[in-house]
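Numbering (the UniProt record's numbering), first residue to last: 1 to 301.
Structural data, given as structure tokens:
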């Protein structure tokens with residue numbers, strides 16, 4: 001019902017300005033990440049595009065500067081499939097940036113063949129969840145010092161297609177690429193809920209969202225029949241610019257100042273699955289993530 005109601009809402013727009021704000025966007029060299037960067041740069045924010053491929057990142061940076069008219073755009077190396085890269089990136093941000101007002105955990109991999117990250121995690125849970133969990137953890141003190149601040153994590157309606165398999169989080173016993181993707185997107189929703197609880201009273205708020213069915217590079221791993229179906233429904237899918245709107249909404253909408261931990265779609269609150277509201281599983285996932293990344297559980301209190 002929520003989705004149908006949202007179809008008939010007028011398009012969201014806001015003249016909110018972001019002068020003197022610093023924004024980090026992961027996976028900003030393509031798709032909705034790049035469109036989010038363009039929009040927030042137009043609003044006057046300093047944009048740090050965190051990209052795995054620096055060649056593509058630098059090309060995208062030029063595009064963001066040209067489209068937004070803002071020169072205040074940086075591109076920095078970040079490989080979310082490698083904790084060493086994440087630590088190096090966070091160290092540079094903590095050293096060079098006096099503040100970080102908005103973190104957009106946007107990068108992701110989707111339904112890829114089985115592979116592992118540098119740290120031995122299954123690629124989808126590794127990049128989509130563990131990578132962003134570690135990044136957020138390493139930047140959290142700077143974000144708190146910059147309050148009011150926001151942390152936005154791009155999830156998907158796919159979070160509702162699965163549950164967390166905490167006994168085999170890396171899909172080592174059996175691998176189904178759609179299930180693994182769905183699990184990683186559910187982890188995004190649960191992470192956002194847990195984070196909101198831990199950040200209560202700090203002035204830092206957190207949101208997860210479904211961008212819509214967007215035409216992006218993420219489709220590259222779909223099999224031929226699925227790609228054919230996607231092509232048929234593409235007139236009903238969103239462009240990257242349309243897909244970025246809910247990320248932008250969560251980053252700038254003033255009425256969300258007092259909201260935290262929720263799930264959004266089409267620039268409005270949305271219902272996540274029952275599994276996405278399971279605080280017991282959320283806590284277990286949090287503890288497991290800290291353990292697997294060798295982080296002290298107290299560091300994010």
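Every residue gets a Cβ at the ideal spot worked out from N, C-alpha and C, and that includes glycine.
Taking only runs that begin and end inside the segment 58-136, name each unbroken alpha helix (DSSP H) of 4 or more residues, in chain order. Within the segment 58-136, the complete alpha helix (DSSP H) runs of at least 4 residues are 83-96.
Inspect the beta-carbon positions of residue 275 and residue 186 and report whether they are closer than 8 Å. Contact: yes.
Out of 20, 269, 133, state which residue places its alpha-carbon closest to the alpha-carbon of residue 291. Between residue 291 and the set 20, 269, 133, the nearest pair of CA atoms involves 133.
Return the CA-CA distance between residue 177 and residue 96, expressed in angstroms with no decimal places. Whole-angstrom Cα-Cα distance: 38 Å.
Using only the alpha-carbon positions, how far apart do residue 160 and residue 92 sit? Residue 160 and residue 92: Cα-Cα distance of roughly 36 Å.
Got a sec? Which residues, its chain only, sit under 8 Å from residue 58 by beta carbon, not counting five neighbours each side? Closer than 8 Å at Cβ, skipping near neighbours: 75.
Where do the N-terminal and C-terminal ends of the beta strand (DSSP E) with residue 260 fall, by residue? Secondary structure note for residue 260: it is in no beta strand (DSSP E), with a DSSP letter that is neither H nor E.
Which residues in the same chain have their Cβ closer than 8 Å to the Cβ of residue 105, if we skip the five residues on either side of it in sequence? Once the five neighbours on either side are set aside, the close Cβ partners of residue 105 are 26, 132, 135, 136, 151, 152, 153, 154, 188.
If we call anything under 8 Å between Cβ atoms a contact, is residue 125 one with residue 83? Remark: C-beta atoms of residue 125 and residue 83 do not approach each other more closely than 8 Å.
Residue burial classification, residue 166 (beta-carbon count within 10 angstroms, cutoff 16): Residue burial is scored here from C-beta neighbours: residue 166 has fewer than 16 other C-beta atoms within 10 angstroms and is therefore classed as exposed.
Local Cβ density within 10 Å of residue 120, reported as buried at 16 or more and exposed below that: Flag for residue 120 reads exposed.
Should residue 201 be labelled buried (16 or more other beta-carbon atoms within 10 Å of its own) or exposed? By the 10 Å Cβ count, residue 201 comes out exposed.
Can you give me the start and stop residues for the beta strand (DSSP E) that residue 207 sits inside? Start and end: 204-210.
Leaving out five residues on either side along the sequence, give the residues of the same chain with a beta carbon under 6 Å from the beta carbon of residue 99. Listed in chain order, the non-local C-beta contacts of residue 99 below 6 Å within the same chain comprise 22, 146, local neighbours out to five positions each way being set aside.
Considering Cα atoms alone, identify which of 282, 296, 148 is closest to residue 256. Of 282, 296, 148, the residue nearest in Cα terms is 148.
Cβ shell of residue 142 (< 8 Å), same chain only, five flanking positions each side left out: 93, 94, 97, 99, 100, listed in sequence order.
Residue 170 burial status per 10 Å Cβ neighbour count (16 or more: buried): With 16 or more other Cβ atoms within 10 Å, it is buried.
For residue 53, is the classification buried or exposed, using 16 other Cβ atoms within 10 angstroms of its Cβ as the cut-off for buried? Residue environment for residue 53: exposed (fewer than 16 other C-beta atoms within 10 angstroms of its C-beta).
Could you please give me the residues that DSSP links to residue 154 through a beta bridge? Among the bridge pairs identified by DSSP, residue 154 is matched with 209.
What's the C-alpha gap between residue 252 and residue 113? Near 36 Å, if we compare the C-alpha coordinates of residue 113 and residue 252.
Short Cβ contact (8 Å threshold) for residue 78 with residue 89: Closer than 8 Å, so yes.
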